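Engineer: Here the sequence shown is numbered in the numbering used here, starting from 4 and rising by one per residue.
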Amino acid sequence: MRSVLAGAGGFLPGRVVTNDEMAAVVDTSDAWIRDRTGIHQRYRAEGAETTTSMAVAAARKALDAAGASPDDVDLIIVGTSTPDQAFPSVAVRVQAALGIQKGFGFDVSAACAGFVYALSIADEMIRAGRARGALVIGAEVFSRILDYTDRGTCVLFGDGAGAVFLRAEASEGEQGILSTHLHAQGALGDILYVDGAIGVADSAGQPLPGKLHMNGREVFRHAVQRLSESVDEALAHNNLDRGAVDWLVPHQANIRIIEGMGRKLGLAPERVVITVDRHANTSAASIPLALAEAMGDGRIKRGQLVLMEALGGGLVWGSALVRI
Ligand code: ACO
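Quick look at the structure:
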């Protein structure tokens with residue numbers, strides 16, 4: 004059994020927040036943000052837009068793109084660090100919203116690597132015969148966990164959701180997920196974390212704010228090293244050289260990290276899908292949003308080989324090699 008990536012869909016909230024608007028909130032500038040990160044703007048969920056509502060919208064689009072219906076879904080996995088509730092999971096809320104009454108679903112907490120983690124688990128479940136149709140979703144409202152007094156982090160993130168539909172395929176064929184590779188190093192947990200969770204207080208009994216903290220330089224250093232190893236691992240595992248890869252669809256954190264990975268693979272810049280300029284870092288949503296955009300506008304074609312890679316707070320990182 005193999006998992007064929009049958010379709011992808013993305014959803015972005017209605018409100019665009021420009022760098023100039025961020026400069027009215029913290030001591031920053033459009034020029035600094037563009038130069039250091041490649042970000043021009045980000046989207047922000049407002050009003051009725053939640054992690055779940057965006058996940059549902061992205062899932063519907065992924066099903067449409069795959070020519071599938073909710074009846075075809077028996078597994079839902081959502082990568083998210085910003086669920087609307089501690090439980091039920093976003094995944095089962097999506098199940099209910101789509102009117103699905105069979106199968107099972109759960110959320111995965113792996114920060115910006117959440118989509119790659121979720122994709123890997125779904126692929127293994129399909130290979131094991133536990134599911135025939137899987138929605139794999141990354142959905143985040145990071146605007147909820149940003150400290151708007153910290154210019155080093157609040158300018159970097161945006162909200163959104165992306166989804167893919169995986170279909171089990173029993174026959175021989177080239178299409179599908181070739182391999183996924185997951186890693187974690189919990190000892191580096193303190194270079195990127197959120198201080199708090201529901202019901203968690205500090206030593207004085209005060210609820211923790213639940214805001215993101217990051218040592219940007221350290222994360223940058225580890226990201227370049229780990230993602231580079233992850234790319235090598237995916238290629239070596241499949242006995243491929245870097246020329247075999249048609250597209251890089253990376254996690255969208257920083258244009259400099261993304262371009263570095265593109266150069267490592269020897270890919271022309273137009274073979275690297277970039278959304279960080281418009282979406283900023285949407286954490287677990289960034290890869291499926293980028294994939295949906297590039298499959299939707301016809302850049303990525305059936306039969307092409309796509310490499311995805313991501314690193315996030317944990318540290319957690321991984322890659323996936325997929326023949327679309
Ligand atoms: N506007 C203006 N100045 C700023 C801003 C800002 N928004 N943010 C920081 N600065 C200042 C700093 O205060 C510092 O000033 P100083 O020299 O006077 O002390 C100066 O800019 C340089 O700061 P650095 O942190 O060294 O800047 P750097 O070039 O490293 O860029 C950045 C910072 C963009 C955060 C970079 O380190 C980065 O992209 N890191 C990786 C982040 C990442 O990939 N995260 C992904 C994982 S996210 C997840 O998993 C949830």
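C-beta: ideal position from N, C-alpha, C; glycine also. Remember, predicted model here, so these are calculated numbers, not experimental data.
1. Rounded to whole angstroms, what is the Cα-Cα separation between residue 34 and residue 156?
2. May I ask you to report which of helix, strand or coil DSSP gives residue 164?
3. The beta strand (DSSP E) with residue 336 in it runs from where to where?
4. Enumerated in chain order, which unbroken segments of the alpha helix (DSSP H) with a length of 4 residues or greater are wholly contained in the region 132-211?
5. Express the C-alpha separation of residue 278 and residue 302 in angstroms, rounding to a whole number.
6. Measure the CB-CB distance between residue 163 and residue 46 and report whether it falls below 7 Å.
7. Quick one: is the Cβ of residue 286 within less than 6 Å of any heavy atom of the ligand ACO?
8. Which first and last residues belong to the alpha helix (DSSP H) in which residue 40 is found?
9. For residue 103, tell me which candidate among 73, 249 and 253 has the shortest Cα-Cα distance.
10. Assuming contact is defined by CB atoms lying nearer than 7 Å, are residue 80 and residue 111 in contact in what I supplied?
11. What are the start and end residues of the beta strand (DSSP E) that includes residue 6?
12. Which class does residue 277 belong to by DSSP, given the choice of helix, strand or coil?
13. In or out: residue 143 buried (at least 16 other Cβ within 10 Å) or exposed?
14. What residue does the alpha helix (DSSP H) around residue 234 start on, and which one ends it?
15. So is the beta-carbon of residue 250 under 6 Å away from any non-hydrogen atom of the ligand ACO?
16. Skipping 5 residues on each side, what residues in its chain have a beta carbon closer than 6 Å to that of residue 265?
17. So, does the region 44-64 touch the region 6-25, judging by three or more C-beta pairs under 8 Å?
18. If you compare alpha carbons, which of 78, 244, 211 and 65 is closest to residue 338?
19. Can you name the start and end residues of the beta strand (DSSP E) that residue 253 belongs to?
20. Of all the options 90, 97, 87 and 58, which has the alpha carbon lying nearest to the alpha carbon of residue 77?
21. Could you check if residue 40 is buried or exposed, using at least 16 other CB atoms within 10 Å of its CB as the buried criterion?
22. Regarding residue 241 and the ligand FMN, is the C-beta to nearest heavy atom distance less than 6 Å?
23. Mind reading off the beta-carbon distance from residue 116 to residue 263? Whole number of angstroms is fine, and I expect it under 8 Å.
24. In terms of alpha-carbon separation, which member of 147, 22, 132 and 101 lies closest to residue 138?
25. Within its chain, find whatever has a CB closer than 6 Å to the CB of residue 165; leave out the 5 residues flanking it on each side and keep chain order.
Structural biologist: A quick look at the data gives this:
1. 16 Å
2. strand
3. Examination of residue 336 is not possible in this model, given that the chain is present from 4 through 327 alone.
4. 154-157
5. 14 Å
6. yes
7. yes
8. 33-40
9. 73
10. yes
11. 5-14
12. coil
13. buried
14. 219-240
15. no
16. 251 and 275
17. yes
18. Within the shown structure, residues of the chain are numbered from 4 to 327, placing residue 338 beyond reach of any answer.
19. 250-253
20. 97
21. buried
22. Ligands in the displayed structure: the ligand ACO; the ligand FMN is not one of them.
23. That belief does not hold up - the Cβ atoms of residue 116 and residue 263 are roughly 18 Å apart, past 8 Å.
24. 101
25. 13, 61, 141, 288, 291, 292 and 295
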